[in-house]
Amino acid sequence: MGTNGHELGDCLRVVNEEIIARLGEDVDRGWRLKLQTAQEVLENLIKNG
């Protein structure tokens, strides 16, 4: 597949923005925390892998 962690992070951000646009600001904080956790996991995998 050729996608690196940076591209994946960008994709996650776009998906997150789309979710917020559809569901509203209420879920913004919760999704941001989940997205941040996902990005941290990916970064750790990239560093250690």
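To convert a position in the sequence shown, counted from 1, into the numbering used here, add 1.
Built from N, CA and C at the ideal position, the CB exists for glycine as well.
Same chain, Cβ closer than 8 Å to ARG33, neighbours up to 5 away in sequence not counted: ASN17
Distance, GLY50 Cα to GLU44 Cα: 10 Å
Of the listed residues HIS7, ARG14, GLY6, GLU8, nearest to LYS35 (C-alpha basis): ARG14
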